[in-house]
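Novice: Have a look at the structure that comes next, please.
In my numbering, the protein residues as written are 43 to 105.
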């Protein structure tokens, strides 16, 4: 009985985090299995797109 009370008082607050972690890992593994290159694509996306190189500056013609 005392052991159950200890579990209820100490482990009960951690239950939502444990569920969140479990579902997160499950979702991540399922997504990884469906598209193996999804992680690489997701990691490459946040990089800024290469800006077009500026054309010859007008100041260069004045010199």
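For each residue, glycine too, the CB sits at the ideal point set by N, CA and C.
1) If you reduce the DSSP assignment to three classes, tell me which class residue 57 lands in.
2) Cα separation between residue 72 and residue 66?
3) Going straight from the alpha carbon of residue 61 to that of residue 50, what length do you get?
Specialist: Based on what the coordinates show:
1) Helix, per DSSP.
2) Answer to the nearest angstrom: the Cα atoms are 10 Å apart.
3) For the pair residue 61 and residue 50, the Cα-to-Cα distance works out to about 16 Å.
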